[in-house]
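Chemist: Note that the protein sequences, when read in sequence, are chains A and B.
In terms of this note's numbering, the first sequence opens at residue 1 and continues consecutively.
In terms of this note's numbering, the second sequence opens at residue 1001 and continues consecutively.
Encoded as structure tokens, here's the structure I'll be asking about.
There are 2 protein chains.
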Amino acid sequence: MENLEQNNLVDALLAPNGPPTTLRAHVVKILSAGILSGKYKPGDRLNESQIARELNISRIPVREALSQLQEQGLVQNRERRGMFVTNIGPEEVLQISSLRIVLETEALRLAQKRMTPHVLASLEKIVDKMDNWNGTLLDAAALDLEFHRTLWRASGNPYLERALNAVMVPLFAHKTLEHVTRDVRRWRMSHHRVLLDAVAGRSRDDPQAVLLTHMRMAYTEPERYSTLARKPS
Amino acid sequence: MENLEQNNLVDALLAPNGPPTTLRAHVVKILSAGILSGKYKPGDRLNESQIARELNISRIPVREALSQLQEQGLVQNRERRGMFVTNIGPEEVLQISSLRIVLETEALRLAQKRMTPHVLASLEKIVDKMDNWNGTLLDAAALDLEFHRTLWRASGNPYLERALNAVMVPLFAHKTLEHVTRDVRRWRMSHHRVLLDAVAGRSRDDPQAVLLTHMRMAYTEPERYSTLARKPS
DNA sequence: GCCAATATGTCTGTATGCAGATTTTGCGTA
DNA sequence: TACGCAAAATCTGCATACAGACATATTGGC
């Protein structure tokens, strides 16, 4: 029964849950989840007709959802060719990472200055979850993204938050596809506590240095592109 | 003859100029020009039906163009209410400016390192035009934006360039509406030569200091939000 | 005369249909 | 068997149409 999907969609819309929403918003969620989870891989073509058929809706909401995903950098449009999942190669990783340094360092510093007990509790909670993580790699990636997004929001500058989202979400989608051992994943996640200490003001380390260390655990040579990243040692 | 507009559009599409394009792309150009020029003012509602009627096309391309403009930060969607030209108040100017500091400083440093004679010539040309400027305030704003965009592109990092565009273009649109005397405008434009010298490596000044000075000529208190901006004096 | 409730009109969100372009498929040929 | 070309299938871009939501105007009540 392929219209189960459609029923899910329509049910969600008909249900009196929260504010009234649109089909497009739901398709956005479905598609971004598909990309983040690796169901759609970088370079894949997202056929709007096919997706519309699978969801038993017309092409219009799918089209607009794809357009919105383009805004978030997850897909790219090639005129009259269709939408393709953004492909991130080594070069792009370097460019994004170098931009991440300046943006997230700023976010970290701002968040530290404006930190509230409530936000701090949220971050602690996420890090605790990370420590006890024993689920799927997808869950781990979701936790990772959630931590950083909370941090970005805590900066108090919505433009900074938006820029970080636009740049980093595709990178996270790319990272999710990396197959690393659970131990490596666990080790990387454990480093978030260092970030937490820094943003909580419990650490003397320079925010930028902390971030660089954090990023070096996942990527190589962030300094090639950035003017800020200079290996301290 | 209201269908003159339509003829313009269709002519542009039928003309064998360059690569084949879409209606949406043209509407994007028309609308962003309208916003940048102040024809549509911040807070204005962009009625997609009305725009479609004016251009004698269907609502679909207009709709998609507005969606794309949202990506560039020029308009914002309120669900079932329509699209509104992004409104920028004093608070937003501060937030954008503080983000601009970190982004454009990085762009300036990267551009300096990667500067080529060709790019340098482009920048010189724009600054010369600025010196000889005697046209409309709109022209001045266009030159200003062109200079900075050239600079951003010269950074060589497309993600950085994109982030700067997304954040700064709405601010430029907002600035365009500011009514300042021609002398003030001329004075502000003249400072671009300082930026040019910095990016050309002809100056000993710190890029960040140069940028801060540049920004102080237009805005107040960029340091309130940023961790980087510290008044040197 | 003023406020509220209803009625009317307009707009957004979505569905369906069509034309041109692109990709795929199938066939013929080297 | 491999390659090239052409026809078919499919897809995107756009137009038209309709239903529900929102905004404004009108009317009724106090």
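Built from N, CA and C at the ideal position, the CB exists for glycine as well.
Just so it is clear, the structure is predicted and the values come from calculations on it, not from any experiment.
Find the nearest neighbour of B/Val1167 within the set A/Leu103, A/Leu69, A/Leu74, judged by alpha-carbon distance.
Modeler: Measuring from the Cα of B/Val1167, the nearest candidate turns out to be A/Leu103.
Chemist: Would you kindly report the start and end of the unbroken alpha helix (DSSP H) that includes A/Asn165?
Modeler: 158 to 177 is the extent of the alpha helix (DSSP H) around A/Asn165.
Chemist: I want to know whether the segment 1115 to 1122 of chain B touches the segment 179 to 192 of chain A - three or more CB-CB distances under 8 Å.
Modeler: In short, these stretches do not touch, since the Cβ pair count stays below three.
Chemist: For A/Tyr225, name the three-state secondary structure that DSSP assigns.
Modeler: Any reading at A/Tyr225 must be qualified, since the residue scores a pLDDT of 45, below 50, and its modelled position is unreliable; the value itself is stated next. Coil.
Chemist: How should B/Thr1136 be labelled, buried or exposed, when 16 other C-beta atoms within 10 angstroms of its C-beta is the threshold for buried?
Modeler: With fewer than 16 Cβ atoms within 10 Å of its Cβ, B/Thr1136 is classed as exposed.
Chemist: Quick check: the segment 188 to 201 of chain A against the segment 61 to 77 of chain A, are at least 3 beta-carbon pairs closer than 8 Å?
Modeler: No, they do not touch.
Chemist: Excluding the 5 residues preceding and the 5 following B/Leu1099 in the sequence, name in chain order all residues of the same chain whose CB lies nearer than 6 Å to its CB.
Modeler: Val1167, listed in sequence order.
Chemist: Take A/Leu145 as the anchor and find which of A/Ile126, A/Met217, A/Phe84 has the nearest alpha-carbon.
Modeler: The option with the nearest alpha carbon to A/Leu145 is A/Ile126.
Chemist: Just to confirm my understanding: we take B/Leu1171, look at its own chain, exclude 5 residues before and 5 after, and list those with CB closer than 6 Å. What are they?
Modeler: The residues are Ile1096.
Chemist: Going along the chain, which residues of the segment 159 to 190 of chain A sit with their C-beta nearer than 8 Å to a C-beta in chain B?
Modeler: Per Cβ criterion, the list reads Tyr159, Leu160, Arg162, Ala163, Ala166, Val167.
Chemist: Whose CA, out of B/Arg1162, B/Thr1021, B/Leu1108, lies closest to the CA of B/Asp1206?
Modeler: Answer by Cα proximity: B/Leu1108.
Chemist: Consult DSSP for B/Met1083 and reduce its assignment to one of helix, strand or coil.
Modeler: Three-state DSSP puts B/Met1083 in a strand.
Chemist: Taking contact to mean at least 3 C-beta pairs separated by less than 8 Å, is the segment 82 to 93 of chain A in contact with the segment 32 to 43 of chain A?
Modeler: Segments in contact, yes.
Chemist: In the DSSP assignment, the beta strand (DSSP E) including A/Arg204 goes from what residue to what residue?
Modeler: Taken as a continuous stretch (DSSP letters only), A/Arg204 belongs to no beta strand (DSSP E), as it is neither H nor E.
Chemist: Quick one: what does DSSP say A/Glu180 is sitting in, helix, strand or coil?
Modeler: According to the sequence shown, residue 180 of chain A is Val rather than Glu. A/Val180: coil per DSSP, three-state reduction.
Chemist: So that I know if they touch, is there some Cβ in chain B lying closer than 9 Å to that of A/Lys95?
Modeler: According to the sequence provided, residue 95 of chain A is Gln. The question's Lys does not apply to it. True, the Cβ-Cβ gap to chain B drops below 9 Å.
Chemist: For B/Thr1022, return the contacting residues in chain A, with the cut-off set at a CB-CB distance below 8 Å.
Modeler: Glu79, Arg80, listed in chain order.
Chemist: Report the partner residues of A/Asn77 according to the DSSP bridge assignment.
Modeler: The partner list for A/Asn77 (beta bridge, DSSP) reads A/Met83.
Chemist: Name the residue from B/Pro1158, B/Arg1186, B/His1148 whose alpha carbon lies nearest to the alpha carbon of B/Val1169.
Modeler: When each option's Cα is compared against that of B/Val1169, the closest is B/His1148.
Chemist: Taking 7 Å as the limit between beta carbons, can you name the residues of its chain near B/Asp1197, skipping five residues before and five after?
Modeler: Closer than 7 Å at Cβ, skipping near neighbours: Ser1203.
Chemist: If we ignore side chains and look at the alpha-carbon of each, how far apart do A/Lys113 and B/Val1199 end up?
Modeler: For A/Lys113 and B/Val1199, the distance between alpha carbons rounds to 32 Å.
Chemist: Verify whether the separation of the beta carbon atoms of B/Leu1123 and B/Thr1105 is less than 9 Å.
Modeler: Going by C-beta atoms, B/Leu1123 is not nearer than 9 Å to B/Thr1105.
Chemist: Just the C-alpha distance for B/Ile1057 and B/Ala1173, rounded to the nearest angstrom, thanks.
Modeler: Near 26 Å, if we compare the C-alpha coordinates of B/Ala1173 and B/Ile1057.
Chemist: From A/Leu212 to A/Leu94, what does the alpha carbon distance come to, in whole angstroms?
Modeler: Approximately 13 Å, taken between the alpha carbons.
Chemist: Mind checking if A/Pro232 is an interface residue toward chain B, Cβ cutoff 9 Å exclusive?
Modeler: With a pLDDT of 41 at A/Pro232, under the threshold of 50, the predicted position of this residue should be treated as unreliable, though the coordinate-derived value follows. So no, A/Pro232 is outside the interface.
Chemist: Could you check what DSSP says for B/His1214 in three-state terms: helix, strand or coil?
Modeler: If DSSP states are grouped into helix, strand and coil, B/His1214 belongs with the helices.
Chemist: Pull up the DSSP beta-bridge partners for B/Arg1045, would you.
Modeler: B/Phe1084, per the DSSP bridge assignment.
Chemist: Just verifying my parser: in three-state terms, what is the DSSP assignment at A/Thr150?
Modeler: Helix, per DSSP.
Chemist: Flag A/Arg63 as yes if its beta-carbon sits less than 9 Å from any beta-carbon of chain B, otherwise no.
Modeler: Judged by the 9 Å Cβ criterion, A/Arg63 is in contact with chain B.
Chemist: Can you tell me where the alpha helix (DSSP H) holding A/Ala111 begins and where it ends?
Modeler: Element bounds for A/Ala111: 90 to 114.
Chemist: Helix, strand or coil: which one does DSSP assign to A/Ala68?
Modeler: Per the sequence shown, residue 68 of chain A should be read as Gln rather than Ala. Reduced to three states, the DSSP call for A/Gln68 is helix.
Chemist: Compare the C-alpha of A/Asp187 against each of A/Lys39, A/Tyr159, A/Met217 and name the closest.
Modeler: The sequence given here has Trp at residue 187 of chain A, not Asp. It is A/Met217.
Chemist: Below 9 Å between beta carbons: does that hold for A/Trp133 and A/Met189?
Modeler: Closer than 9 Å, so yes.
Chemist: Considering A/Lys129, what are the terminal residues of the alpha helix (DSSP H) in which it resides?
Modeler: Residues 117 to 131.
Chemist: Starting from A/His192 and walking both ways along the alpha helix (DSSP H), at which residues does that stretch end?
Modeler: That run of the alpha helix (DSSP H) goes 192 to 199.
Chemist: I need the boundaries of the alpha helix (DSSP H) containing B/Lys1029, first residue and last residue.
Modeler: First-last of the alpha helix (DSSP H) with B/Lys1029: 1023 to 1036.
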